[in-house]
Amino acid sequence: AQKITQTQPGMFVQEKEAVTLDCTYDTSDPSYGLFWYKQPSSGEMIFLIYQGSYDQQNATEGRYSLNFQKARKSANLVISASQLGDSAMYFCAMREGRYDYKLSFGAGTTVTVRA
Amino acid sequence: EAGVAQSPRYKIIEKRQSVAFWCNPISGHATLYWYQQILGQGPKLLIQFQNNGVVDDSQLPKDRFSAERLKGVDSTLKIQPAKLEDSAVYLCASSYGQGAIRKAFFGQGTRLTVV
């Protein structure tokens, strides 16, 4: 079974508007971490934001916020005030267990910001 | 702080040839990963090292892929012989064990084309 599901293959957003990228996950481990990475056309994976399974509040990092709904097993990324430089591929990923380090990635969502 | 270094950036080989990729992780990072990212998909873990020991190689096609991490620092990933379906970006990442987040830092990747 897929551990991470990203159902939106591509999205268009107008500059300065907000966009929400969907991510649902599947795990039976009570301890896990959820990550969002950005991958521009240059190829490197850039860390954006992290949410731990025991964190009480939704994570925020500048223009990025994570809408964590634990009961629904969803961890949607919200990018506010989109900029042209936000055009990239975005991946949701999960680390399971207290002592494991490896990440399972979703298929990604391509975001294109229009001027 | 220097990032994860990978070389080469690009490689084109014919099927049945061999190829090797090199990765230098961030100094002090005990955990090193190799991921394979096929075009249009999320990265898939091939192998994970903790210092110079293998933690997880369950997804590594061991009949053709091999990896080593000598002295717990640099790592090489080898494919011999290459197949057409090995065309992908090979991403190296590293992380350190402090804190719950255990964020992975990625290199720019090596884009392999097998013709």
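As they're listed, the protein sequences go chains A and B.
Just so we're aligned, residue 9 is where the first sequence starts under the working numbering, counting upward by one.
Just so we're aligned, residue 846 is where the second sequence starts under the working numbering, counting upward by one.
Glycine included, every Cβ here is placed at the ideal spot set by N, Cα and C.
- The Cβ neighbour count for A:Asp37, taken over all protein chains shown within 10 Å, is under 16; the residue is labelled exposed.
- Taking the C-beta atoms as reference points, B:Ile857 is found nearer than 8 Å to B:Thr958.
- Between B:Gly848 and B:Phe950, the C-beta spacing is below 8 Å.
- With respect to B:Gly952, B:Leu936 sits close: the two C-beta atoms are nearer than 8 Å.
- Excluding five sequence positions before and after B:Lys948, the CB atoms of its chain that fall closer than 7 Å to its own CB belong to Ser940, given in chain order.
- Short of 6 Å from the beta carbon of B:Val900, and not among the five residues preceding or following it, lie these beta carbons of its own chain, in chain order: Gln893.
- Taking 8 Å as the cut-off, the beta carbon of A:Glu104 is found no closer than this to the beta carbon of A:Thr13.
- At a cut-off of 8 Å between beta-carbon atoms, A:Met102 makes no contact with chain B.
- Here the C-alpha atom of B:Asp902 lies approximately 20 Å from the C-alpha atom of B:Gln851.
- Minimum Cα-Cα distance from A:Ala79 among the listed residues A:Thr32, A:Tyr45, A:Glu52 corresponds to A:Thr32.
- The C-beta distance from A:Ser112 to A:Ala101 rounds to 6 Å, short enough to meet the 8 Å contact threshold.
- For B:Ala850, the enclosing beta strand (DSSP E) has its first and last residue at 850 to 852.
- Fewer than three beta-carbon pairs drawn from the region 39 to 52 of chain A and the region 856 to 872 of chain B are found closer than 8 Å, and the two stretches are therefore not classed as touching.
- A straight line joining the alpha-carbon of A:Lys110 with that of B:Ala938 spans about 10 Å.
- Shortest Cα-Cα distance from A:Thr120 to any of A:Phe99, A:Gly114, A:Ser90, A:Asp108 involves A:Ser90.
- For B:Ser940, at least one C-beta of chain A is nearer than 8 Å to its own C-beta.
- B:Gly917 is the residue among B:Val934, B:Gly917, B:Cys868, B:Arg956 whose C-alpha sits nearest the C-alpha of B:Gly898.
- In this structure, the alpha-carbon of A:Tyr98 lies about 13 Å from that of A:Leu74.
- Following the DSSP letters along the chain, one finds A:Gly41 inside the beta strand (DSSP E) bounded by residues 40 to 47.
- Ranked by Cα distance from A:Asp30, the first of A:Glu23, A:Pro17, A:Val21, A:Lys24 is A:Pro17.
- In this structure, the alpha-carbon of A:Gln22 lies about 13 Å from that of A:Thr28.
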